Structure formats: structure tokens, C-alpha cells
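Scroll down for the structure; my scribbles are underneath it.
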Amino acid sequence: MKRWGEAFYDDSAVTGETVVERAQIAVIMTDRFSHLRYWNAYARDLFGFVGGRDPLGTSFLDIGIHESDRERAAQLARRVLKGETWEGTFGVVRADATWMHIRAQAVPVRDEQGAVEGMAIFAYEAMRSGRVEEQYGLLERIGDRLAGSLRYDGALKAVAETLVPQFADHCFIDLYDGDRLVRRVSMHAEGWSPPPGTWPDVGQEVRYPERNVAALAMRRLEAIAVDDLSYPPGALDEGAARAVEQVGVSSAVAAPLRARGELLGVLTLALSRLTPRDKTSYDGFDRDLVGAVAGRVALAIDNARLFEEERSTALAFQNSLLPNTFPSFDGLSIAHRYVPARPLESQGRGVQTQVGGDFYDVVPLSAGRVGIVIGDVEGRGPHAAAVMGQLRAALRAFAQADREPADILRELDEWVRRLGVPDGSGGTWVPSVSCLYMVYDAWSRELSYGNAGHPQPLLISGGEVIPLALEVTDSLLGVKTRGVPYDEAIYHQADLTLPAGATLLLYTDGLVDRRPVGGGTADEGRALRRLRERVRTVADSDVERIADVALGAVPGENDDDTALLVVRTHPDELALREGWFVAEAPTVAEARHLAAATFKEWGMDAGQSELACLLVSEIVTNVVIHATPHPVRREFTADGVVDSADPLGGLGAQGGADDFSEDWSDLLEEVAEASDDDTPEQTRFLLRLRRGASSVWVEVFDDDLRLPRIRSAGADDEGGRGLYLVDQLADRWGSRPTPTGKAVWFEISMKGD
Numbered sequence: 021m022k023r024w025g026e027a028f029y030d031d032s033a034v035t036g037e038t039v040v041e042r043a044q045i046a047v048i049m050t051d052r053f054s055h056l057r058y059w060n061a062y063a064r065d066l067f068g069f070v071g072g073r074d075p076l077g078t079s080f081l082d083i084g085i086h087e088s089d090r091e092r093a094a095q096l097a098r099r100v101l102k103g104e105t106w107e108g109t110f111g112v113v114r115a116d117a118t119w120m121h122i123r124a125q126a127v128p129v130r131d132e133q134g135a136v137e138g139m140a141i142f143a144y145e146a147m148r149s150g151r152v153e154e155q156y157g158l159l160e161r162i163g164d165r166l167a168g169s170l171r172y173d174g175a176l177k178a179v180a181e182t183l184v185p186q187f188a189d190h191c192f193i194d195l196y197d198g199d200r201l202v203r204r205v206s207m208h209a210e211g212w213s214p215p216p217g218t219w220p221d222v223g224q225e226v227r228y229p230e231r232n233v234a235a236l237a238m239r240r241l242e243a244i245a246v247d248d249l250s251y252p253p254g255a256l257d258e259g260a261a262r263a264v265e266q267v268g269v270s271s272a273v274a275a276p277l278r279a280r281g282e283l284l285g286v287l288t289l290a291l292s293r294l295t296p297r298d299k300t301s302y303d304g305f306d307r308d309l310v311g312a313v314a315g316r317v318a319l320a321i322d323n324a325r326l327f328e329e330e331r332s333t334a335l336a337f338q339n340s341l342l343p344n345t346f347p348s349f350d351g352l353s354i355a356h357r358y359v360p361a362r363p364l365e366s367q368g369r370g371v372q373t374q375v376g377g378d379f380y381d382v383v384p385l386s387a388g389r390v391g392i393v394i395g396d397v398e399g400r401g402p403h404a405a406a407v408m409g410q411l412r413a414a415l416r417a418f419a420q421a422d423r424e425p426a427d428i429l430r431e432l433d434e435w436v437r438r439l440g441v442p443d444g445s446g447g448t449w450v451p452s453v454s455c456l457y458m459v460y461d462a463w464s465r466e467l468s469y470g471n472a473g474h475p476q477p478l479l480i481s482g483g484e485v486i487p488l489a490l491e492v493t494d495s496l497l498g499v500k501t502r503g504v505p506y507d508e509a510i511y512h513q514a515d516l517t518l519p520a521g522a523t524l525l526l527y528t529d530g531l532v533d534r535r536p537v538g539g540g541t542a543d544e545g546r547a548l549r550r551l552r553e554r555v556r557t558v559a560d561s562d563v564e565r566i567a568d569v570a571l572g573a574v575p576g577e578n579d580d581d582t583a584l585l586v587v588r589t590h591p592d593e594l595a596l597r598e599g600w601f602v603a604e605a606p607t608v609a610e611a612r613h614l615a616a617a618t619f620k621e622w623g624m625d626a627g628q629s630e631l632a633c634l635l636v637s638e639i640v641t642n643v644v645i646h647a648t649p650h651p652v653r654r655e656f657t658a659d660g661v662v663d664s665a666d667p668l669g670g671l672g673a674q675g676g677a678d679d680f681s682e683d684w685s686d687l688l689e690e691v692a693e694a695s696d697d698d699t700p701e702q703t704r705f706l707l708r709l710r711r712g713a714s715s716v717w718v719e720v721f722d723d724d725l726r727l728p729r730i731r732s733a734g735a736d737d738e739g740g741r742g743l744y745l746v747d748q749l750a751d752r753w754g755s756r757p758t759p760t761g762k763a764v765w766f767e768i769s770m771k772g773d
């Protein structure tokens, strides 16, 4: 032992290099370009330089600095190489993919002339001292709360509830909304609320003075702790100073919320007299802790925002494929709803936005009838939604051509097969689709339908709610196997008549297939009974109320999206008149007389009535000339399907059951003569008139298979302009096949412009 002041010489004295190598702190040196020139043994362990990896010459930014902190690390290098010192905390991902926070202090290294030639960084794992185990648990709980939510408003509130009052008496979270800093969270211990005009409330814009601790934290991009909020001068505005004085704020810490290089806002915590505690000020350890919390909060906010953007984009895509509104349908009230499934967070697939394939539609058909459809494409995600969109577009096209329900389902089945995708094993995966398509005539209350494996709608009538009795239900679209027996490979249709004033509730299985919130499996039978009970309580309410009650009738987690339609008929708005006429020239006037008298009785404007009667004459004349004298009918013979020929040649089709062009060069008198000579029995046609709330529909039915089409009449032609007039003067017109022939129809408003 040497006396004090004597020189110490000992052969066992260690060198500076030995001290640095044995020190339990990471020592890293870089050159002016931030390239690594030296690191000690502790740095190798701390950053995980294992497996022969040699970081010599690599950038300081590449030793594991987390992406969200790379800009901050670059700022460190710039400041130190200017001759300043720096201290802060980084998130680091080690070589083995483990995560930790590093507390770093950086100082410049100068050459003999005093010029900065690099920097020395001293680092250690933040929060390793163990003196505040409660804070370790706090950070873990915050991570759990953030991981449990993708709605950042709820996540931020959960974080504040964890911090107050355990770690702070006041918690503020402010986020940028464009160029404005807006308060999102303001939470205080003991239920205290800031007096009006002091601290901004949630939703209000926040403007921090330049020297405020929160402003400094955002400007420097590092956590900052202060013991005196009023120092330096100008750190508080007048209102904030009043609140600080009222509750006796003793210390505050602010940390920037940064993710992926973007400043999202700031987290500010403060201690005051609101709660009794031994600790009245934040120290460096607390500052590091809040910095770590802010890093997790910022990443959660950014992830939540990205998820919200993804979800809103997916739902916008989904909603663009579904009708937002429907036109008014005479005699009908319609309500519709679509509810997406909740985000999928299980089975190891992460959190996914769940768009789905549920769809619905109401299609205007001829003469006031409507096509009602609801369906569900197997699976979830963009592919299911894309299949749904294509399927709905195809169905609408088939429906507007007035195809029969069974024919439409057969076409859709073939369409679905074409939408298959490779399954990865050399085959093709074809989605299965349930689909219920109905054609409803509100005047007769007749319903024709085809069903491809969809759940039965509910019939609401007379205060009761029961499943609609569907006689036929065929297999799902896309699942039938070629080569099966014919009866099992086709789609059927059936007809039924609804009670007066009945309401239909059509839905997809997501409405009843819901898991209990507390766990367990879905009980679809019980859910359906509950749905019927709840809907029965509002059976006499309007369709919007019924739709709202139906959506909330079955509690539980909606793992599948849900679509529903509520359709109610109002027969009191409707009127119908019809008459049979012999297909002879004089009956054109009789048909027009019936139409004129009916239109007058229904209160149609005189001008509109005259126009409508003109159009009635045109389509009735067309039937008398072309369809009824020698109709083309289809017969099934031993030689196959045969269409009868047209003996009159120029008066009918150009052979067989092709569409005919009207040609009025033959006068009605000639048709009458031909009928007298060649037709042994009289043929008849049906004129049907329908009235809605604002329109009138006229239909003419005959037994001819040929559908009319407009022809271009020459300047000298005496006829050929009948359907052209109908096309120009009617609101809509068209034709459709019937089981025995065809129907030609047009729609015209009851009131003139």
C-alpha cells in the first residue's frame, strides 16, 4: 500500500485497452462518416454481434437501430460531429431478433489539432437497474393494452388509464391532424377536470409555446423531463399556468410520438398534488421509461391508422359493389343493411380486414315487377368480394332481360365455375355460393323463385314471424358435379302467393351464426328463435325499424359479414285492369277505348292519357298484324324441337322463332282478309293495365314466341315506325318471354312534365 501522494508503479497495472474491454458498458467508436472503427466485448454481447459477424466498416445505423429510430440516430451523429454531446434512448433489434431499449451517451473524439474525427458512444440496456420493478410491469401492461386494440382512440385511452394514477397525475396525448396538433386524450387523477380556458380539452387544437417541454420534445425528437414547468420563461401560456398553479404540478416529462420516421404527436405526463406520493419529480430513469412507452404508443397509433386506412379502403370497395340506395318501387317499401365482419385476429393469421361476399339487390323488371336477390359467396377477403361483385353484375344483367329464376340460377352456376382460381395442387378451387332469387308482382302478390341453398326468408304477416315455406331448394352454385343425374343437376323454380300486406325479411347466415361473447359455439337454431321473437315485437313497425331490430337481435361476435333486406308490399297504392280481345282489326279501337276510360278513372293527366292511348294502339296493332294471325309456336317432336312456320311470309318472322321486324306495308285490312282465309279459329290477346303511385304500365300478351325489334323505316314506307314511337315516347319499354308466348310492355308517367 502506497502512501498518499506517492507515485504508483506496479507491474500488474492494466492498460486503457484492458479497462475498455472489461468494462460492463458498450463502447463504440466511429469515424467522421459514422462507420464503425472499434467496439468492445460488451458491445458485441449487447448488440448481438455473434456467429462470426464482423460489423467493422459498417454504418453505425446498421448495428440494429430500429427503423423508427434511425432518423433519431442520424440526428445524434450530426450533432456530435459538430462538437456537441448527446444522450438518449434507442430501440434496438438484436441479431437474434430480440428487442430492447438502449440508453446511449455520445461524445466527440478529436485529433491532436482539436478537429472532430469521429465519436465515441457509451451504451447500456435501459431500465436494467431493477430499482423500479413496478415500472417494468407498467411497460408490460401498456404493451398488452396496445396489442389488444386496433382502434387507436380506444388504445390511447387504455394507455392513459394505465399511467394514471400509477405513474402520473395527468396524461395528455396530442396527435397531428394535418398541420394541426389536436388533443386526443386528457386524463387526470381523482376525477379532476381542468378549469375552462386552461388546458385544452379533447378535440381542441393545442398550441404549445416554443419553450414548453412538449414543444422541446417534438423539436429535439427525444424525451425531456423538467422539474419546473415555468422555467425557462415563456414555457407556459396564461391559461396553462393557472391550471399548473391550481393543482401544484411539480414535474413533467414529454416524449415525441414517432413511427417510421414520422412525427405523429407528443405524450406528456405530469406529477402534482392530486394524489399523495413520495416521489414528486421525474428523473432520468423515468424519462427513459416514458420514451419507451412513447415508442410503443407511436407504433400502435401508426399500425392502427394503417389498419383503419386498409379497412376503410376494403369497405369502400365492398360497398361500391353493393347498392347504396334503391329507386322507389310502386307498392313496396325496402330497407337494406350490410355489416362487415369484425377483424380476424386468430388462428395465427394476424389481424386482417374482413371484407366478404354477402350481397343483395332489388332489380326493376318489366311492368312494375321487381327481382329480389340475396346471396353469400364462400370465404372472406378481396377474392370473395370480387367474386360477389362479378356475380351481382351478371345476375342484374340476366334479371333485366326478364329471365326466369331457374334459368338465372343455371346461368350463374356456369358463371361461378368460370371464376375458379388455382388451388396450388394442380386443380381449381371454385367458390360455392348461396343465392335466392325471387320475382315479385306486387299487384297479384305472386312470387316466383329459385333457391340455390340459401336460408329461408322470414315471413312477417298478421303479427306472426315464420319461415317462408319454400317448396324447392337446390344445391349451392358452383358445387354441382358434371355427369350427375339430370334431376339433381338442374335448378327448379316454384310459385307462391303472399298474404296481403306481408313483409319479407331476407338475410345471410352472419345474422344468426354468431359466437357467444363469453366463449362457446354458435347455436343457429336458438339464434333463429331469438331473431323471430325480437322481430315479432316490431312486426307492425316500418321496414327501417324491423331492419335495425333484426341486426341487434342475436348477440355475439360477428365473425362473418351480414346482409339483409326487408321488403313490404302496399297493395292500396296499386290498381289493375285487363281485358281479352279477339285479334281482329276492329279490336284495336276497343282496346284503346278500354285504356282511355281506365286512365281517366285513375286520374291521369289528359295529355299523358292521350299519349298513352296512342302507344296502346301501336303495340296492339303490332300484335294484330304480326303475332296473332299465324303465331310461331314451339313443339317437341320425335325429331327434336320444331318451331312452326309462318304461312304469311312477310307478315311474320323471317323463318322460325327469330325476332321479327314490324312492317306496316301490309294494312290491317289485308291481315283481316288473311285471317278470314287461313285461320280457322279466332286467336286472342290480353291487354293488362297497371297503376302505381306515379306511373302506368301497359302490357299486351300473345301466343307468339317472336320478340319484337325496332326496324329502320324508309322515307317512303307506310309503316315500320310503331315501336320507334314507343321507344321515343314511353319512359321505358321492352318485351319478355312467357310460358306460352311473349309480353310487350311500356311504362309512362301519370303526370306530365
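For the sequence shown, my numbering begins at 21 and goes up steadily by one. By construction, the Cβ of each residue, glycine as well, lies at the ideal position given by its N, Cα and C atoms. Values in this document were obtained by computation on a predicted structure and should not be read as measured data.
Is it the case that the Cβ atoms of residue i and residue j are separated by a distance below 8 Å?
i: Pro451; j: Val382; result: no
i: Ser270; j: His190; result: no
i: Val764; j: Val636; result: no
i: Asp82; j: Gly111; result: no
i: Val436; j: Gly391; result: no
i: Ala611; j: Phe601; result: yes
i: Ala404; j: Gly446; result: no
i: Leu432; j: Leu526; result: no
Name, in chain order, the residues that DSSP records as bridge partners for residue i.
i: Asn471; result: Leu456
i: Lys762; result: Asp722 and Pro757
i: Met783; result: Outside the shown range of the chain, which is 21 to 773, sits residue 783, and nothing can be said about it.
If you follow the beta strand (DSSP E) that residue i is in, where does it begin and where does it stop?
i: Pro757; result: Arg752 to Pro757
i: Glu719; result: Ser715 to Asp722
i: Thr196; result: This sequence places Tyr at residue 196; Thr is not what is there. Its beta strand (DSSP E) spans residues His190 to Asp197.
i: Gly77; result: Gly77 -> no beta strand (DSSP E), and no H or E assigned at all.
i: Met139; result: Val136 to Glu145
i: Pro425; result: Unbroken run through Pro425 is the alpha helix (DSSP H), Pro425 to Arg437; no beta strand (DSSP E).
i: Arg98; result: Not the beta strand (DSSP E): Arg98 falls in the alpha helix (DSSP H), residues Arg90 to Leu101.
Would you give the residue range spanned by the alpha helix (DSSP H) that residue i belongs to?
i: Ala609; result: Thr607 to Glu621
i: Phe110; result: Segment Trp106 to Val113 is the beta strand (DSSP E) holding Phe110; no alpha helix (DSSP H) there.
i: Ile45; result: Ile45 -> no alpha helix (DSSP H), and no H or E assigned at all.
i: Asp568; result: Val563 to Leu571
i: Val264; result: Glu258 to Val267
i: Pro402; result: Pro402 to Gln420
i: Phe705; result: No alpha helix (DSSP H) contains Phe705, which is instead part of the beta strand (DSSP E) from Arg704 to Arg711.
i: Val602; result: Where Val602 is concerned, there is no enclosing alpha helix (DSSP H), although the beta strand (DSSP E) it sits in stretches over Ala595 to Val602.
i: Val644; result: Where Val644 is concerned, there is no enclosing alpha helix (DSSP H), given that its DSSP letter is neither H nor E.
What number of angstroms, rounded off, separates the C-alpha of residue i from the C-alpha of residue j?
i: Gly217; j: Gly259; result: 6 Å
i: Val286; j: Arg307; result: 14 Å
i: Arg549; j: Glu491; result: 21 Å
i: Val205; j: Pro276; result: 15 Å
i: Leu749; j: Gly498; result: 43 Å
i: Leu201; j: Glu225; result: 6 Å
i: Thr448; j: Ala472; result: 21 Å
i: Asp427; j: Ala355; result: 27 Å
i: Ala63; j: Val47; result: 6 Å
i: Ala583; j: Arg565; result: 16 Å
i: Glu145; j: Gly134; result: 31 Å
i: Val136; j: Trp59; result: 19 Å
i: Val129; j: Met139; result: 5 Å
i: Gly399; j: Asp580; result: 9 Å
i: Met21; j: Phe305; result: In this prediction, Met21 has a pLDDT of 40, which is less than 50 and means its spatial position is unreliable; what the coordinates show is noted afterwards. Each residue's alpha carbon lies about 39 Å from the other.
Step through the CB atoms of chain D and report whether any lies within less than 8 Å of the CB of residue i.
i: Leu727; result: No chain D is present in this structure, which holds just one protein chain.
Looking only at its own chain, which residues have a Cβ that is under 6 Å from the Cβ of residue i, when we skip the five neighbours before and after it?
i: Thr105; result: Val127
i: Ile768; result: Ala632, Val716, Ala750 and Asp751
i: Arg42; result: none
i: Ala234; result: Tyr228, Ala274, Val286 and Thr288
i: Ala616; result: Cys633
Let me check you understand the geometry: is the CB of residue i closer than 7 Å to at least one non-hydrogen atom of the ligand COA?
i: Thr109; result: By its list of ligands, the structure shown contains no ligand whatsoever, and the ligand COA lies outside what it can speak to.
Using C-beta distances below 7 Å, list every residue in its chain close to residue i, excluding the 5 sequence neighbours before and after it, in chain order.
i: Asp461; result: Arg389
i: Asn578; result: Val359, Ala361, Arg362, Gly530 and Arg534
In its own chain, which residues sit with a C-beta less than 8 Å from the C-beta of residue i, not counting the 5 before and 5 after it?
i: Tyr196; result: Val202, Leu283, Leu284 and Gly285
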